[in-house]
Amino acid sequence: YYLEKVSQAFVIDPENNPFSFPILKDIAQSPALLHAIQSISASHEQYFPVQAPILALEERGKAIACLRREIDQVQRAHYTHFLTIMLLSLMQIAGPDPKDYGKQHLFGACALINSMLQDTSVSTTNDPVVRLCLGVYLYWDMGSSFLVKPGELQGVNSFNISLAVRRMGDWHHPMYGTCSSLLLTIANVGRYCRQVHDMPQRRNFAQEDMLEAELSNWTTSSNNPDLVHLYEAFRNHGLVLLYQSRAHAQRSLSTDTNSTKAQKSLILRYAEETVRHLMLIPSSSYYLNFQSLALLSAGSELTESHHLLRDKVRDRLRAIYSLNRIPANLMALQLVEELWDARDSGNSTSFWLSHMLQKDWLLLLV
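All residue numbers for the sequence shown refer to our numbering, where the first residue is 42 and numbers rise by one.
Structure (structure tokens):
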């Protein structure tokens with residue numbers, strides 16, 4: 042069931058899926074990975090119910106116990122550790138607690154990536170296994186960077202990861218294709234956004250300019266039109282997030298009202314573009330697995346006059362839930378609906394991150 046169903050949520054092309062049948066050789070080496078697979082599959086089969094199946098809980102406990110033992114055995118491959126941690130995290134994300142985004146698993150994955158990248162030689166960063174893990178972490182980091190409180194996580198060594206991403210270049214990652222450097226920039230935007238959200242007085246104009254330039258100047262070599270639409274949606278999501286944090290800081294400090302209005306117009310423009318790019322991707326595509334965060338960020342900005350686009354956002358989030366069965370997609374839809382209600386009632390400054398944190402939710406949308 043895992044090989045044919047669950048693992049398809051991790052890639053853009055089911056025909057190129059290292060997390061499916063190729064994983065059988067790794068299962069033979071790692072009981073922890075096997076138990077993690079059994080756990081997530083038992084829950085996925087039942088659409089991740091609030092009361093997790095007994096089998097899922099038992100297998101999860103076995104996976105954690107085995108992982109501890111395997112990590113102590115240095116000769117074990119980091120790859121199996123990383124995959125096990127990723128699956129355990131997904132179990133947390135899909136659980137009933139909206140503020141459990143698998144933080145400890147994220148921190149564990151970060152430590153593993155740091156360990157992998159300590160050797161900055163070309164041979165290490167050319168290793169397909171290292172690249173596979175690094176790419177998964179880049180996507181994971183993009184979706185969680187704004188959930189982590191400033192200073193709570195040391196993070197991956199910025200020099201090492203930047204160097205590794207540069208050496209990866211246009212290497213095609215099975216999870217997202219060739220946008221590794223874009224994901225790294227958006228993750229940095231997310232970290233900056235959370236910092237400014239919590240401490241508006243720590244706004245850094247030079248950092249904003251640098252992040253904006255990195256997003257604006259990023260280009261893709263992909264000839265796949267659907268991937269190009271996905272990448273443009275990612276880029277616009279990064280820009281929207283950056284401008285939202287800028288506007289939030291200006292409102293919080295009651296400064297530059299005219300600039301705040303200009304930001305609002307810019308945010309709406311990029312939000313519309315994001316939704317339109319995503320809607321050009323067929324609803325039957327596996328690319329839907331990677332749209333939730335951009336849909337929440339951009340979709341929440343749509344006004345009452347965008348009723349057709351709002352309907353498309355609703356339909357797409359439901360379609361994503363049908364595809365990967367992760368309840369966070371339905372919770373994202375609830376957030377969007379609440380923000381639309383607030384916007385229609387005259388509160389045009391509602392910021393989805395502020396609203397989510399006020400609800401004491403920490404949704405990791407993957």
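All C-beta atoms, glycine included, are put in the ideal place defined by N, C-alpha and C.
With a threshold of 16 other CB atoms inside 10 Å of the CB of residue i, please say whether the residue is buried or exposed.
i: Asn258; result: exposed
i: Gln87; result: exposed
i: Gln236; result: buried
i: Glu345; result: exposed
i: Asn370; result: buried
i: Met240; result: exposed
i: Lys2; result: The chain is shown from 42 up to 407; residue 2 falls before or after that span and cannot be answered.
i: Tyr362; result: buried
i: Ile200; result: Inspection of the sequence shows that residue 200 is occupied by Phe rather than by Ile. Label assigned to Phe200: exposed.
Short check: CB of residue i to CB of residue j, under 9 Å?
i: Tyr327; j: Pro63; result: no
i: Ser175; j: Ser221; result: The question names Ser, but residue 175 in the sequence shown is Leu. In this structure, Ser221 lies closer than 9 Å to Leu175 by Cβ.
i: Pro266; j: Leu329; result: no
i: Leu404; j: Ala373; result: yes
i: Leu108; j: Ala150; result: no
i: Pro139; j: Asp385; result: no
i: Ala339; j: Ala247; result: no
i: Phe89; j: Ile367; result: yes
i: Ser262; j: Thr219; result: yes
i: Ala312; j: Leu334; result: no
i: Arg276; j: Ile227; result: yes
i: Leu282; j: Phe187; result: yes
i: Gln133; j: Tyr120; result: no
i: Pro425; j: Glu99; result: With the chain represented from 42 up to 407, any question about residue 425 goes unanswered, as that position is not in the structure.
i: Asn57; j: Pro191; result: no
i: Gln242; j: Leu294; result: yes
i: Glu249; j: Tyr233; result: yes
Straight-line CA distance for residue i to residue j?
i: Leu204; j: Val170; result: 17 Å
i: Asp382; j: Ser341; result: 10 Å
i: Asn229; j: Val197; result: 11 Å
i: Ala303; j: Asn365; result: 38 Å
i: Leu194; j: Phe148; result: 7 Å
i: Gln285; j: Ile308; result: 7 Å
i: Asp160; j: Ile95; result: 42 Å
i: Asn264; j: Ala290; result: 38 Å
i: His213; j: Phe51; result: 14 Å
i: Gly210; j: Ser324; result: 29 Å
Run the proximity test for residue i: is its beta-carbon closer than 8 Å to any non-hydrogen atom belonging to the ligand NAP?
i: Val230; result: Within the structure as shown, the ligand NAP is missing, as the structure has no ligands at all.
Would the stretch 391-402 and the stretch 353-368 be scored as touching if the rule is three or more Cβ pairs under 8 Å? no
So, does the stretch 42-56 touch the stretch 68-86, judging by three or more C-beta pairs under 8 Å? yes
Runs of 4 residues minimum, wholly inside the stretch 304-381: which ones carry the alpha helix (DSSP H) assignment? 333-340 and 348-365
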